[in-house]
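Visitor:
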Amino acid sequence: MALPLRVTVTPDHATVAPGDALTFEISVRNASDIVEHYTVGVLGLPDGASAHTEPDLVKLRPGETAGLTVRITVPDRPPAPAGRYVLGVLAKSKYRDDVSHCVELPVEVTVVKGITVTTAPEIALGGVSATFMVDIANVGNSMLQLRLTATDPERRVSTRFEPDTVQLVPGARTQSLLTVRAPVPWNQEKNQRLTIEAAAADPGGGSPVVMGQGHAAFVQEPRIAAKLTRPLGVAAAVLLTAAAIAIPALINERGDDEKPSTGAATGTPATSSASVSPSSGEPSTVPEVLPPPPGEATGSATGLRPVDLTAPGGLAATGVLDPEAFRSEGLLAGAEPGAGAVAAGCGEARSVAVVDIGGLPALVPSKRENVSACNDVPMKLDFVPGPASWLAVSPVVPGALTMQVVCKDGTEGVNPNLIATADQVPCDGIDYVLLRPVTAGNPVAVRRIDYTLPS
């Protein structure tokens, strides 16, 4: 029995890469003895692929032939799985289900290999060791078995992945724990830059082929931390002042009663460097090169105000903070997107959040609905009780931030070391500061601020 419908496809096979399109010419002949209406469709398409037929319907009298065009589009995000597909070009009557004809059409989807490698955190702080979580995703269209490696330019860092080999089908992702170790520097911070690679074996037996690459940094604190210099200096100043008080008092107690000193008569021992009140037992002046002494009353009108920016009110926090979280400590902290160029979607970011960076809590700018977004937006620290006279900000990564100082009279200045002492502030008081990343895209991550108010 002759078929009432005849179909031919040109070309009769094809090869396509993800992201490309194929065009086929379809010829349909009505071999029946009645008028028919025909449609043409494609069966067995790769995942995500689509087919469009033009025209979508043809009317044929007995013995007539019509041509149609079928366009098949193969996606690249995500890419259709690689391999050979046998498609079916199906022509059928619109009104009679028993009238149809299907022609096989072989189509080969080519291999596209793609791997993304990201690390969390991007920057880790530590001494001899640190850990990173490495995320590996297969964004290609073929299964891959990968070996993970990490290297540094100076070849000083030893690395270990757990696991060090992963196998991923298209669209899959997995994680590996990376542990790094390096000799601790003695007196200078060391930034160990790491290149992380995911490589696949070469089918020809050659060197492994790198499929994806990521980067991370291991910032090592020195054995003799420079940041200890200031506290030691403060302690030395306090001890010297205490000695200045105690020694004259001891001499006065044991001195000649017939010739009391003027200092003993007035109850105020004289020193050559600073005048001190015995009743308070505290120095009234401290060398300007040192920060305010920790002996001063915290939170007093002019005393040192240390603020842990990861623990508002002294309570450890995590996630997005209330806008008033630090008001009791004399601060308002928030993201300030209007103070610099920001990424798309961060124009309304106004929040700050406490997140984990390299195993340490840190305060970062963020969006209220997503703490991991917009962490590179400028951060504003505003002094609400009045302008500050001295301040020092402690970042998570030294040298990663710069600070713009804005005075109450509108005067501005930029300070890359995040410290504003009396001789550096070009005005009577600091209204607020803006913190920005030195390298665009890096987070504005801080842990602490110390400040004083004008006396």
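Position 20 of the sequence shown, counted from 1, bears residue number 20 in UniProt numbering, the numbering being contiguous throughout. All C-beta atoms, glycine included, are put in the ideal place defined by N, C-alpha and C.
1) Any contact between the segment 316-328 and the segment 336-345? By contact I mean 3 or more CB pairs, one from each, below 8 Å.
2) Measuring alpha carbon to alpha carbon, tell me which of K408, V28, T439 ends up nearest V384.
3) Three Cβ pairs or more, each shorter than 8 Å: is that satisfied between the segment 430-450 and the segment 355-368?
4) Rounded to the nearest angstrom, how far is the Cβ of N141 from that of V111, given a contact under 8 Å?
5) Helix, strand or coil for E329, going by three-state DSSP, please let me know.
6) Could you tell me which of V28, R156, A353 sits nearest to residue 462, measuring between CA atoms?
7) Which residue comes first and which comes last in the beta strand (DSSP E) that contains C427?
8) Measuring straight from C-alpha to C-alpha, what distance separates G206 and A200?
9) Leaving out the 5 sequence neighbours to the left and right, which residues in its chain are closer than 6 Å to S261 when beta-carbon positions are compared?
10) Buried or exposed, going by whether 16 or more other CB atoms sit within 10 Å of the CB of S389?
11) Do the segment 117-124 and the segment 25-32 meet, that is, are 3 or more Cβ pairs less than 8 Å apart?
12) With distances taken from CA atoms, which of G410, R436, P18, P437 is nearest C427?
13) Is the shortest distance between the beta-carbon of V169 and the beta-carbons of chain D less than 9 Å?
14) Since D164 and R181 are thought to touch, with beta carbons under 8 Å apart, how far apart are those beta carbons, to the nearest angstrom?
15) What is the residue span of the beta strand (DSSP E) that R447 lies within?
16) Between H37 and D12, what straight-line distance do the alpha-carbon atoms span, to the nearest angstrom?
17) If you compare alpha carbons, which of L434, V396, G399, G429 is closest to V414?
18) Could you tell me the boundaries of the beta strand (DSSP E) in which K92 lies?
19) With a threshold of 16 other CB atoms inside 10 Å of the CB of G345, please say whether the residue is buried or exposed.
20) Looking at D376 and the ligand MN, is the gap between the Cβ and the nearest heavy atom below 8 Å?
21) By DSSP, does P79 sit in helix, in strand, or in coil?
22) Under 9 Å between the Cβ atoms of N138 and V169?
23) What residues in its chain sit with their C-beta under 6 Å from that of A226, if we drop five residues either side in the sequence?
24) By DSSP, does G127 sit in helix, in strand, or in coil?
25) For G212, count neighbouring C-beta atoms within 10 Å of its own C-beta (all shown protein chains included) and say buried if the count is 16 or more, exposed if not.
26) Where does P387 fall in DSSP's three states?
27) Could you have a look at G338 and say whether DSSP puts it in helix, strand or coil?
28) What is the rounded straight-line gap between the Cα of F161 and the Cα of R193?
29) Note down the Cα distance separating S372 from S351, rounded to an integer number of angstroms.
30) Apart from the five residues on each side of it in sequence, which residues of its chain come closer than 6 Å, Cβ to Cβ, to V103?
31) CB-CB under 8 Å to V99, same chain, minus the five flanking residues each way: which ones, in chain order?
32) Just to check my reading of the structure: Y451 and R327 have Cβ atoms closer than 8 Å, yes? What is that Cβ distance to the nearest angstrom?
Guide: Working from what's here:
1) No: the two stretches stay apart, fewer than three of their Cβ pairs being nearer than 8 Å.
2) Ranking the options by Cα distance to V384, first place goes to K408.
3) Enough Cβ pairs lie closer than 8 Å, so yes.
4) About 7 Å; that satisfies the 8 Å criterion.
5) In the structure shown, E329 sits in a helix (DSSP, three-state: H, G or I).
6) For the chain, the structure presents residues 1 to 455; residue 462 sits outside this window and is missing.
7) That residue, C427, is in no beta strand (DSSP E); it is neither H nor E in DSSP.
8) For G206 and A200, the distance between alpha carbons rounds to 11 Å.
9) Annotation note: pLDDT 41 at S261 (below 50); position unreliable, no value reported.
10) Counting of Cβ neighbours within 10 angstroms places S389 among the buried residues, the total reaching 16 or more.
11) No: fewer than three Cβ pairs fall under 8 Å.
12) Ranked by how close their Cα comes to the Cα of C427, the residues G410, R436, P18, P437 have G410 in first place.
13) Considering every chain present, this structure includes no chain D. It has just one protein chain.
14) Contact between D164 and R181 fails: their C-beta atoms lie close to 16 Å from each other, not under 8 Å.
15) Taken as a continuous stretch (DSSP letters only), the beta strand (DSSP E) holding R447 covers 446-452.
16) Cα to Cα, H37 sits roughly 24 Å from D12.
17) Minimum Cα-Cα distance from V414 among the listed residues L434, V396, G399, G429 corresponds to L434.
18) Following the DSSP letters along the chain, one finds K92 inside the beta strand (DSSP E) bounded by residues 83-93.
19) Counting of Cβ neighbours within 10 angstroms places G345 among the exposed residues, the total staying below 16.
20) By its list of ligands, the structure shown contains no ligand whatsoever, and the ligand MN lies outside what it can speak to.
21) If DSSP states are grouped into helix, strand and coil, P79 belongs with the strands.
22) With a cutoff of 9 Å on beta-carbon distance, N138 and V169 are scored as near each other.
23) Bear in mind that the predicted position of A226 carries a pLDDT of just 44, short of 50, making it too unreliable to give a figure here.
24) For G127, the three-state secondary structure derived from DSSP is coil.
25) Looking at its Cβ environment, which holds 16 or more other Cβ atoms inside 10 Å, G212 is buried.
26) DSSP places P387 in the coil class of the three-state scheme, outside both helix and strand.
27) In this structure, G338 counts as helix in the three-state DSSP scheme.
28) Approximately 17 Å, taken between the alpha carbons.
29) Taking the straight line from one Cα to the other gives about 12 Å.
30) Cβ neighbours of V103 beyond the five flanking positions: V7, V9, V89.
31) For V99, same chain residues with a beta-carbon under 8 Å away, outside a window of 5 residues either side, are P4, L5, S32, E36, K92, S93 in chain order.
32) 15 Å between Cβ atoms; not a contact.
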